[in-house]
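To keep things clear, I will list the structure first and then write my remarks on it.
Protein chains: 2
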Amino acid sequence: MRLTTKGRFAVTAMIDVAMHGGGGPVTLAAVSARQRISLSYLEQLFGKLRRSGLVDSVRGPGGGYNLAKAPDQVSVAEIITAVDEPIDATQCGGRENCHDDRRCMTHDLWAGLNDHIFSFLSGVTLAHLVQQQQQKADVAVMKDHRQPPGGSTAPKVPVSETV
Amino acid sequence: MRLTTKGRFAVTAMIDVAMHGGGGPVTLAAVSARQRISLSYLEQLFGKLRRSGLVDSVRGPGGGYNLAKAPDQVSVAEIITAVDEPIDATQCGGRENCHDDRRCMTHDLWAGLNDHIFSFLSGVTLAHLVQQQQQKADVAVMKDHRQPPGGSTAPKVPVSETV
DNA sequence: GTTTAGTTGACTAAAACGTTCGGGTATAGG
DNA sequence: CCTATACCCGAACGTTTTAGTCAACTAAAC
Chain P
8 MRLTTKGRFA VTAMIDVAMH GGGGPVTLAA VSARQRISLS YLEQLFGKLR RSGLVDSVRG
68 PGGGYNLAKA PDQVSVAEII TAVDEPIDAT QCGGRENCHD DRRCMTHDLW AGLNDHIFSF
128 LSGVTLAHLV QQQQQKADVA VMKDHRQPPG GSTAPKVPVS ETV
Chain G
8 MRLTTKGRFA VTAMIDVAMH GGGGPVTLAA VSARQRISLS YLEQLFGKLR RSGLVDSVRG
68 PGGGYNLAKA PDQVSVAEII TAVDEPIDAT QCGGRENCHD DRRCMTHDLW AGLNDHIFSF
128 LSGVTLAHLV QQQQQKADVA VMKDHRQPPG GSTAPKVPVS ETV
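Chains as they are written, first to last, in my numbering: chain P, 8 to 170; chain G, 8 to 170.
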């Protein structure tokens, strides 16, 4: 499980689709405009998301992308692994013939850590993030109006509960 | 918090130092040979680890690196952030002036997720990983030749044991 | 049949990754 | 002293990944 901006873009775009998908498919052009992500880059990402079964596409005018599953059935881990193919941190490529005195510790080590990060991110669904985002929007509306970007750090909203 | 092989190499190397640091400093040449990581790359990584206060260096013959803190006081999160400088997934660079209808959700979103991943990795210490590694070595010895010494240590490792 | 919008592939500049090289400086041992 | 060891530093390199662009295509709505 790699963790880069690529996966984050994908999650951001998926949240956008989840939040704007009420009235039919969401076009990538709209996502691109709202999230300031290059349209062609989004096309690449959504190609993978579609092939991974996370979104459905509708072609032609009025088309776009829909979530293939309910927002509470789509985890962050799924999205990230869909667009961010995993890398191998072990030199042995998963085999155990890498060392003489002891087998390389890298393999089990990162398999274990990976498992934990993965299961954590599997517990965070789109529904969680959408809810958090809407909650924040409410707060913003409430305290908006000529409020300059003062140094008030945003309140840390818990993303999920226990895994 | 980025998660690449770079940080994993650093953690692997730190585990190596923790496990072989009993009799004085550990040379990077030894780590390089054991972990199959390029010596010069290790030098770069340990330069950052040293500047971050995670290791102490001893120059000259017989020198090498020691852990600056006890293994149970060094978390994986510290190691990774020491060598893997964070990236910014927000186009606004942390400012909030990025959008018209709503502020870009990327910022708080990933701040929250980052917090969770970070706090998780902060709970995993070098001591945990060393213990897990030694435990695995014991099992290997048991499967190899003869009876292992004494009772098996309690597996209170927060890292899962299987793939 | 034109327009919309997904689909695909090739291509590119920039960044990051991992490595190699070539030089330094401090120190232990002879 | 000298020399070997091993940390220290920075530059350069080739590769991969990012992020984006461009072009051509297909399906569907009007």
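Note that the Cβ used here is the ideal one computed from N, Cα and C, for glycine as well.
Every value quoted in this text rests on a predicted model; they were computed, and no experiment measured them.
Take the Cβ of residue i as the centre, count every other Cβ of all protein chains shown within 10 Å, and call the residue buried at 16 or more, exposed below.
i                      : result
residue 68 of chain G  : exposed
residue 32 of chain G  : buried
residue 24 of chain G  : buried
residue 58 of chain G  : exposed
residue 145 of chain P : exposed
residue 140 of chain G : buried
residue 71 of chain P  : buried
residue 126 of chain P : exposed
Is residue i helix, strand or coil by DSSP?
i                      : result
residue 108 of chain P : With a pLDDT of only 44 at residue 108 of chain P, under the threshold of 50, the placement of this residue in the model should not be trusted; the figure read from the coordinates follows. Coil.
residue 34 of chain G  : coil
residue 65 of chain P  : strand
residue 19 of chain G  : helix
residue 162 of chain G : Caution is warranted here: a pLDDT of 35 is assigned to residue 162 of chain G, below 50, making its placement in the model unreliable, and no coordinate value can be reported.
residue 71 of chain G  : strand
residue 82 of chain G  : strand
residue 88 of chain G  : helix
residue 11 of chain P  : coil
residue 24 of chain G  : helix
residue 41 of chain G  : helix
Kindly indicate which residue of the options has the alpha-carbon position closest to the one of residue i.
i                      : options                  : result
residue 8 of chain P   : P/52, P/118, P/141       : P/118
residue 137 of chain P : P/14, P/15, P/93, P/19   : P/19
residue 65 of chain G  : G/142, G/34, G/58        : G/34
residue 76 of chain P  : P/142, P/28, P/10        : P/28
residue 142 of chain P : P/130, P/54, P/30, P/26  : P/26
residue 10 of chain G  : P/93, P/135, P/37        : P/93
residue 130 of chain P : G/54, G/36, G/123, G/130 : G/123
Could you tell me if the beta carbon of residue i falls within a distance shorter than 7 Å of some heavy atom in the ligand SAM?
i                     : result
residue 68 of chain G : No copy of the ligand SAM appears in this structure; indeed no ligand is present at all.
Using 8 Å as the threshold, is the C-beta distance between residue i and residue j below it?
i                      : j                      : result
residue 17 of chain G  : residue 74 of chain G  : no
residue 128 of chain G : residue 84 of chain G  : yes
residue 22 of chain P  : residue 120 of chain P : no
residue 63 of chain G  : residue 14 of chain G  : no
residue 61 of chain P  : residue 87 of chain P  : no
residue 39 of chain G  : residue 52 of chain G  : no
> Can you find at least 3 beta carbon pairs, one from the region 75-85 of chain P and one from the region 38-46 of chain P, that sit closer than 8 Å?
Replying inline: The region 75-85 of chain P is not in contact with the region 38-46 of chain P.
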